[in-house]
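Colleague:
Structure (structure tokens):
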């Protein structure tokens, strides 16, 4: 089963949380900027031969170079067309 939250649901949940935990009354519709979230994404680097061709294992899958792969912080906005989906069994 898919549960989908649209931007107005997310904004309402954030407003309720801030009201409950911090006793502040805010309204995102009156704000100039959209709420922003931070997430971490893995930027994968693959092992390469000296000629620049990607190395593959015995099954033909590319080999990940764990020493060069890094985690990068990225940011996103909860704009009017944003949504989050959860899938439950």
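Residue numbers (this note's numbering): 1082 to 1170. The C-beta atom is built at its ideal place from N, Cα and C for all residues, glycine as well.
With which residues is residue 1125 paired in a DSSP beta bridge?
Modeller: Its beta-bridge partners do not exist; DSSP assigns none.
Colleague: Taking only runs that begin and end inside the segment 1100 to 1165, name each unbroken beta strand (DSSP E) of 3 or more residues, in chain order.
Modeller: 1117 to 1124 and 1151 to 1158, all fully within the segment 1100 to 1165.
Colleague: In the DSSP assignment, the beta strand (DSSP E) including residue 1086 goes from what residue to what residue?
Modeller: Here the beta strand (DSSP E) through residue 1086 covers 1083 to 1087.
Colleague: Would the segment 1107 to 1117 and the segment 1126 to 1137 be scored as touching if the rule is three or more Cβ pairs under 8 Å?
Modeller: No: fewer than three Cβ pairs fall under 8 Å.
Colleague: What are the residues that DSSP puts in a beta bridge with residue 1168?
Modeller: In the DSSP output, where bridge partners are listed per residue, residue 1168 has 1083.
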